[in-house]
Amino acid sequence: MNTTAFTEDKLVSKTDPFLQFDSWLKDATQSDPYCVKDACLASGAKDGTISSRFISMDSFSHDGFVFYTSTEGRMAKELDGNPQCAMTFYWPVLRRQIRIEGTADLLLDERSSEEYFRKLSLDKQIVLSVLAPHQSQVIRSRKE
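When we follow the working numbering, the leftmost residue of the sequence shown carries the number -10, and every step to the right adds one.
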């Protein structure tokens, strides 16, 4: 087991956290390319209730991190009422994680959504087509 501590002298940049994120994302992609862009996104409703769910990041820049979600789901509704959120990327193979805190903004760009959907593998497109319209709905029984 590698127990070497990550120290400040190993940072890619001491002033630009996006450069560090980019470096670790590349490391993660080389080590285990399957879910490197998946992150846990936590948000809070106006009443203070906190929830979290996994999202898949599409891209990032100094402007922020881009992910797609249904505007009808619980997450979108919570972020609309309280845009404060936190996102954690965890790469167990590298024993690294990055936590990001900030506010979420709705980007209404249907063309980008369609391009993102087309980039997904066929199996992910099918899952999203079947499940996304029903996310955050209560399941009354196991038969549903």
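Cβ atoms here follow ideal geometry from the backbone N, Cα and C, with glycine treated the same way.
Host alpha helix (DSSP H) of alanine 65 (start-end): The continuous alpha helix (DSSP H) containing alanine 65 extends over residues 63 to 70.
6 Å CB neighbourhood of alanine 75 in its chain, flanking five on each side removed: By the criterion of a C-beta distance shorter than 6 Å, alanine 75 is surrounded in its chain by Ala31, Glu90, once the five residues flanking it on both sides are discounted.
First and last residue of the uninterrupted alpha helix (DSSP H) at threonine 38: Taken as a continuous stretch (DSSP letters only), threonine 38 belongs to no alpha helix (DSSP H), as it is neither H nor E.
Three CB pairs or more closer than 8 Å across the region -8 to 1 and the region 46 to 54: Between the region -8 to 1 and the region 46 to 54 there are fewer than three C-beta pairs closer than 8 Å, too few to call the two in contact.
Whole-angstrom C-beta distance between glutamine 9 and serine 20, which should lie under 8 Å: Wrong, their Cβ atoms sit about 16 Å apart, outside the cutoff.
Exposure label - threonine 58; buried when at least 16 CB within 10 Å: Looking at its Cβ environment, which holds 16 or more other Cβ atoms inside 10 Å, threonine 58 is buried.
Backbone CA spacing between alanine 28 and lysine -1 [nearest angstrom]: Spanning the alpha carbons of alanine 28 and lysine -1 requires a straight line of approximately 23 Å.
For glycine 62, the nearest candidate out of Asp36, Gln86, Ser40, Ile87 (CA to CA): For glycine 62, the nearest C-alpha among the options comes from Ser40.
Cutoff 8 Å; reference asparagine 71; Cβ partners in own chain excluding five residues on either side: Ser32, Gly33, Ala34, Lys35, listed in sequence order.
Straight-line gap, aspartate 11 to phenylalanine 49 (C-alpha atoms, nearest Å): Rounded to whole angstroms, the separation of the alpha carbons of phenylalanine 49 and aspartate 11 is 9 Å.
Residue ranges of each beta strand (DSSP E) within the region 6 to 34, 3 or longer: Listed in chain order, they are 27 to 33.
Selection from Lys26, Met46, Tyr79, Leu68 that minimises the alpha carbon distance to glycine 37: Scanning Lys26, Met46, Tyr79, Leu68 for the CA closest to the CA of glycine 37 turns up Leu68.
Phenylalanine 54 - containing beta strand (DSSP E), residue span: Here the beta strand (DSSP E) through phenylalanine 54 covers 53 to 56.
Straight-line Cα distance separating lysine 66 from threonine 18: Roughly 32 Å separates the two Cα atoms.
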